[in-house]
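Visitor: Sharing a structure here in structure tokens format.
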Amino acid sequence: MKRLIARIWLGLRGSLQWRILWLAHAKFMVGVTGVVRDERGRVLLLRHRLWSPRHPWGLPTGCAVKGERFEETVVREVKEETGLDVRTGRLVHLGSGYRLRVEVAYEAEYVGGVLALDPLEILEARWCSPDDLPDGLQELHRRLILDSHSPD
């Protein structure tokens, strides 16, 4: 039976094989987060309008678009949400998230721009010391900040 299935599979080839694989496997959304720091080592935190009122604070976060490198997602999302410019650094987290979501996080360095919040998504922005993080911060984001923090 396995040989028959293998022969059929090999006979399909190309786009039909791809479509069968696509239908048979989970589809993932990729959430990308930036642990953005300034020259003083403070981290950029945002109070998100669309997040739970119990945990509205978090890092700049968004979903990767098709064909986008994840480092580019960080740069784009920070710019869209805050108007600030960043340069991405090392990968600090890669894991599974809620349901069919993959979580990716990079360190990022603030390099310029003027703070201009997207009022549809962001209520407030704040630069915080890793030793003085606000209540209501997403727990994963707290861990990302503390795990990637290297005290002087």
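Numbering-wise, the working numbering puts 713 at position 104 of the sequence shown, and it's gapless, one number per residue.
No residue lacks a Cβ here, since even glycine has one placed at the ideal position from N, Cα and C.
1. Comparing alpha-carbon positions, which option in A673, I617, H634 lies nearest G643?
2. Out of L632, H657, L753, which one is the CA nearest neighbour of E712?
3. By DSSP's criteria, H750 is part of a beta bridge. Which residues make up the other side?
4. What three-state label does DSSP hand L703 in the structure shown?
5. Evaluate M610 with the Cβ neighbour count: other Cβ atoms within 10 Å of its Cβ, from every protein chain shown; 16 or more gives buried, anything less gives exposed.
6. Runs of 4 residues minimum, wholly inside the segment 653-723: which ones carry the alpha helix (DSSP H) assignment?
7. Taking a contact to mean a Cβ-Cβ separation below 7 Å, would you say E681 touches D727 in this structure?
Guide: So, from the data block:
1. Translated into the one-based positions of the sequence shown, residue 643 becomes position 34. Here the closest residue by C-alpha is A673.
2. Walking along the sequence shown from the start, residue 712 turns up at place 103. Residue L753 is the option with its Cα nearest to E712.
3. Your numbering for residue 750 matches position 141 in the sequence shown. For H750, which the question treats as bridged, DSSP gives no partner whatsoever.
4. As a first step, residue 703 must be located in the sequence shown, where it is residue number 94. Strand at L703.
5. Locating residue 610 in the sequence shown gives position 1, where the first residue counts as 1. Label assigned to M610: exposed.
6. 679-691
7. By 1-based counting over the sequence shown, the position of residue 681 is 72. By 1-based counting over the sequence shown, the position of residue 727 is 118. Taking 7 Å as the Cβ cut-off, E681 and D727 do not qualify as a contacting pair.
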